[in-house]
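Chemist: Sharing a structure with you now.
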Amino acid sequence: MEAQAESDGGHALIGRQAIVDRAGALVAYELLFRGTTRCTRAEFSDGTLATSNVILNTVSEFGVDRVLGDLGGYVNIGQHAINLALLEILPPQRFTLELLETVQFDEATIAECRALQKHGYRLALDDVTDITSVPREMLDLVDVVKVDVSAATPAAIDEILAAARRHQFKVLAEKVETAAQHLLLRDLGFDLFQGYFFARPEVLAQRRLPESTNSLFTLLQLLTKDPSVAQLESLVKKSPLLLTRLMKLAQSAAHGDCGCSAITIRDAIMRVGTKTLGRWAELLLFVGGAGTDLATNPLFRMVAVRARFMELLAKAVAVGNYALADAAYQTGVYSLLHVLTGQAQQEFMAQSSAPEAIRKAIATRDGMLGQFLGVAEALDLDCGPPPPLVQLGLSGHTVMALHCQATLGVALDVRA
């Protein structure tokens, strides 16, 4: 089965298995490729594509914080994925790169590993059964050696533990299946543990957001021209789906935030950076996340018009308040995207990184953002003349004019 084949109706999937310490406390998850929700093991023909799928789903579909919480993550890396350019989308402070047993440690590979370590990533060796086959240079670089205790001999395990003391790396016991096995391995000196005794891999699944091929290609083309933040902001605003992925990436612990504070689209672009933004767009295309163009999708147009209209309302009410206009735009996007994902609005908002003010506006029509949303919804439902925002100084005629302006603007964007 090809790694890019998501056979569960366009769902984003990722497997994760618990890693615990000597006290039995959960300290990390190993993240695993899954092709369907029914898969109990990884099945793929392209390891690099599977790695890209895991990275992309973690970062821009679910969000690092939802997948890991405040824990660390282990990601499997094969020979062709030991490349800083491919991995830069992952925040190094959160991830350990788990080098598969198929990796050949020649001079070039060891040099790449040194570069990854200097960049801040921790390194682990996977499925080790014979430590003597690992070059000394790698033993000095790695932070964790994972031992397949179902295949390693007692003598080999003794050698691995001795090497751990010499080279100062931790030893993780894989495939621990019984309490007696766990106790024995802990007494031998293992630091970390993983296996069915603690938890079977679980599969996280959510409806994958469709993506506009044109938006991705336009973004990549723009990034080659050293664009200004204003140019990037304008492009992101033309694609509500790009916006939600960007905000999810920016409003995470990976970029110095827990998702609680309000940031503008401009802030998000500056926080993520153009380099990571480009890598992210390349990955979306690489794993087949581009899908079809959404220009003819009526729901997509509705999202885009609502967001643009609410932005224009905010600009009319509070001239020069760019933060309010930006928050109004985001509120418009988040208020409808649950329909695209096939989720209840409450479920979708629980997975998003939207600030509290936007959450309240959507849940209870709270505050000025809530008022803007109420007007936008009334227009979408075509339930009579648009309600005026008298207390904010806007007449019904002005509100309708702004809505027409938003509709025309989105139509022009689609044609561009």
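In this text, residue positions in the sequence shown follow the UniProt record's numbering: the first is 1, and each later residue adds one. Just so you know, even glycine gets a beta-carbon here, dropped at the ideal spot from N, CA and C. Quick caveat, the model's predicted, so the values are computed rather than measured.
1) Going by CA-CA distance only, name the one from GLN330, LEU68, ASN57, ALA50 that's closest to ALA81.
2) By a C-beta neighbour count over all protein chains shown, 10 Å radius and 16 as the cutoff for buried, is ILE14 buried or exposed?
3) Considering Cα atoms alone, identify which of GLU356, GLY63, ARG66, GLY278 is closest to LEU223.
4) Identify which residue in SER215, ASP158, MET349 has its Cα closest to the Cα of LYS237.
5) Under a Cβ-count criterion, where at least 16 other Cβ atoms within 10 Å of its own Cβ denotes burial, should HIS119 be classed as buried or exposed?
6) Bridge partners for PHE95 per DSSP, in chain order?
7) Near ALA164, which residues of its chain fall below 6 Å by C-beta distance, leaving aside the five closest residues on each side in sequence?
8) Decide if TYR29 is buried, meaning its Cβ has at least 16 other Cβ atoms within 10 Å, or exposed.
9) Just checking my contact of THR218 with LEU232 at CB under 8 Å: how many whole Å lie between their CB atoms?
10) Less than 6 Å between C-beta atoms, sequence neighbours within five positions excluded: which residues of the same chain meet that for ALA253?
11) Going by beta-carbon coordinates alone, are TYR334 and MET349 separated by less than 8 Å?
12) How should LEU125 be labelled, buried or exposed, when 16 other C-beta atoms within 10 angstroms of its C-beta is the threshold for buried?
13) Verify whether the separation of the beta carbon atoms of GLU177 and LYS146 is less than 8 Å.
14) Is the distance from the Cβ of LEU161 to the Cβ of GLY189 below 8 Å?
15) What three-state label does DSSP hand GLN168 in the structure shown?
16) Count the C-beta pairs between the region 403 to 411 and the region 298 to 309 that are closer than 8 Å, then say yes if the count reaches three, no if not.
17) Just the C-alpha distance for residue 449 and GLN117, rounded to the nearest angstrom, thanks.
18) Looking at LEU32 and ARG16, is the spacing between their C-beta atoms short of 8 Å?
19) Please classify LEU222: does DSSP put it in a helix, a strand, or coil?
20) Compute the Euclidean distance between the alpha carbons of LEU373 and LEU392, then round it to the nearest angstrom.
21) Let's see if you can read the secondary structure: which residues bound the alpha helix (DSSP H) around ALA151?
22) Mind checking who ASP21 pairs with in its DSSP beta bridge?
23) With DSSP as the reference, please indicate the residues paired to ARG16 in a beta bridge.
24) State the Cα-Cα distance for the pair LEU141 and ARG200, rounded to the nearest angstrom.
25) What residue from GLY320, VAL319, ASN321, MET368 has the CA that sits closest to GLY332's CA?
26) Hey, LEU394 and ALA318 are a contact pair by Cβ (cut 8 Å); roughly how many whole angstroms apart?
27) Are the beta-carbon atoms belonging to LEU97 and VAL128 less than 8 Å from one another?
28) Which residue's Cα is closest to the Cα of ALA327: GLN345, LEU100, GLN343, ARG308?
29) Name the DSSP beta bridge partners of residue 466, please?
Modeler: In terms of the structure at hand:
1) ALA50
2) buried
3) GLY278
4) SER215
5) exposed
6) GLY73
7) VAL171
8) buried
9) The pair is not a contact, with the Cβ atoms about 11 Å apart (cut-off 8 Å).
10) Reliability of the predicted coordinates at ALA253 is poor, the pLDDT of 47 falling under 50, and no value is obtained from them.
11) yes
12) buried
13) no
14) yes
15) coil
16) yes
17) What is shown of the chain runs 1 to 416, which leaves residue 449 out entirely.
18) yes
19) helix
20) 14 Å
21) That residue, ALA151, is in no alpha helix (DSSP H); it is neither H nor E in DSSP.
22) LEU192
23) LEU31, GLU202
24) 30 Å
25) MET368
26) At roughly 11 Å, the Cβ-Cβ gap does not stay under 8 Å, so LEU394 and ALA318 are not in contact.
27) no
28) ARG308
29) With the chain covering 1 to 416 only, the question about residue 466 has no answer from this structure.
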